[in-house]
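S.K.: Using the numbering used here, you'd call the opening residue of the sequence shown number 17 and step up by one each time. Ideal Cβ positions, reconstructed from N, Cα and C, are used throughout, including at glycine.
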Amino acid sequence: MKNFFRNIKYRSLGALINDELKAAVAEAIEKVEHTTSGEVVVMIAPSSSALAYVTTSWILLTTSLLFTFFIGANKLGFNFTEVTIIIVSALAFTCGYLLSLSWFGKRFFLHVDDRHQNVLNRARFEFHLHRLNKTQKATGVLIFVSLLEREAVVWGDELIAKKLPTETWTNILNHLIANFKAGKLQLGLTEAIEEVGQILKEHFPAVATERNDNEISNELILLED
């Protein structure tokens, strides 16, 4: 029960993201951008999936199971008063609603393939919404983490995508997600930023004779559902 309500609490980004993590991310990005022409941005979203149906689905499931129980019990000769049926039905409704608030409840109806595609679509959308595709050298890089789905994406702008295929980031993302699942989100993010920076430094190094303006803030961006 303790973990259940802990899951409900973690619907708020504030329960996972503190000032220390924000500062660590900003510092890691600043260090990376001194060595590369890439512009790195980190975003975290509570979820990337449409979840409007989850509450209804859980309530339908719990009440359906309850009515199935009543029908079976009736056939076995058990009788229930109207008051008992109303009270138990209300409890089933409440349980369904509470389950829909938990991370487990929200993930239950999400197929793994849908989760991945939803996160990919959200990352692409946020990349363009925040104008990461408008940097001077087309070297914007987004590290996008979606908490509910436990998925992450590295999305690079046109110039980066031409040189570095999606597979370039696979190991980095795997380490990031492993750290997140282990409760080490800050470590996962800072290591991911550093590893992305090493790759960018190799292919898109900072040029001493050119200005290396910081076009996009280094601050961690927290998104809404």
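Between G156, T182 and E174, which has its C-alpha nearest A168's C-alpha?
M.R.: T182
S.K.: Beta strand (DSSP E) containing E46: first to last residue?
M.R.: Here E46 belongs to no beta strand (DSSP E); instead the alpha helix (DSSP H) covers D35 to E49.
S.K.: First and last residue of the beta strand (DSSP E) that includes I232?
M.R.: Taken as a continuous stretch (DSSP letters only), I232 belongs to no beta strand (DSSP E), as it is neither H nor E.
S.K.: Please state whether the Cβ-Cβ distance between L216 and G54 is less than 9 Å.
M.R.: Contact flag set, yes.
S.K.: For F96, collect the residues of the same chain with a Cβ closer than 7 Å to its Cβ; drop the 5 residues on either side in sequence, then sort them by chain order.
M.R.: F86
S.K.: Going along the chain, which unbroken runs of the alpha helix (DSSP H) with 4 or more residues stay wholly within the segment 95-121?
M.R.: Counting only runs of 4 or more, we get 98-117.
S.K.: CA-CA distance, G156 and D130?
M.R.: 26 Å
S.K.: Spatial neighbours of F220 within its chain, please: CB distance less than 6 Å, with the 5 preceding and 5 following residues excluded, ordered by chain position.
M.R.: Closer than 6 Å at Cβ, skipping near neighbours: T52, S53, G54 and T155.
S.K.: Got a sec? Which residues, its chain only, sit under 7 Å from S162 by beta carbon, not counting five neighbours each side?
M.R.: A61, S63, S64, V135 and R138
S.K.: May I ask you to list the residues that DSSP assigns as paired with T52?
M.R.: P221
S.K.: Would you call the segment 69-89 and the segment 113-131 in contact, with 3 or more CB pairs under 8 Å?
M.R.: yes
S.K.: Under a Cβ-count criterion, where at least 16 other Cβ atoms within 10 Å of its own Cβ denotes burial, should T84 be classed as buried or exposed?
M.R.: exposed
S.K.: Could you give the distance in angstroms between the alpha-carbon of H50 and the alpha-carbon of N230?
M.R.: Their backbone Cα atoms lie some 9 Å apart in a straight line.
S.K.: With which residues is L158 paired in a DSSP beta bridge?
M.R.: V57 and W171
S.K.: If I193 and R166 are in contact, beta carbons under 8 Å, what's the gap, nearest whole angstrom?
M.R.: So it is a contact: roughly 6 Å between Cβ atoms.
S.K.: Return helix, strand or coil for R147, following the three-state DSSP convention.
M.R.: The answer is coil: DSSP assigns R147 none of H, G, I, E or B.
S.K.: Quick check on R166: does DSSP put it in helix, strand or coil?
M.R.: coil
S.K.: Does the distance from the CB of A40 to the CB of Q202 come in under 9 Å?
M.R.: yes
S.K.: Can S105 and L82 be called in contact, C-beta distance under 9 Å?
M.R.: Taking 9 Å as the Cβ cut-off, S105 and L82 qualify as a contacting pair.
S.K.: Answer with buried or exposed for M213, where buried requires no fewer than 16 other C-beta atoms within 10 angstroms of its C-beta.
M.R.: Just to set this straight, residue 213 is Gly in the shown sequence, not Met. Classification for G213: buried.
S.K.: Would you give the residue range spanned by the alpha helix (DSSP H) that H191 belongs to?
M.R.: T186 to K197
S.K.: With distances taken from CA atoms, which of E210, E211 and K200 is nearest E36?
M.R.: K200
S.K.: For E207 and K153, what's the separation of their Cα atoms in angstroms?
M.R.: 25 Å
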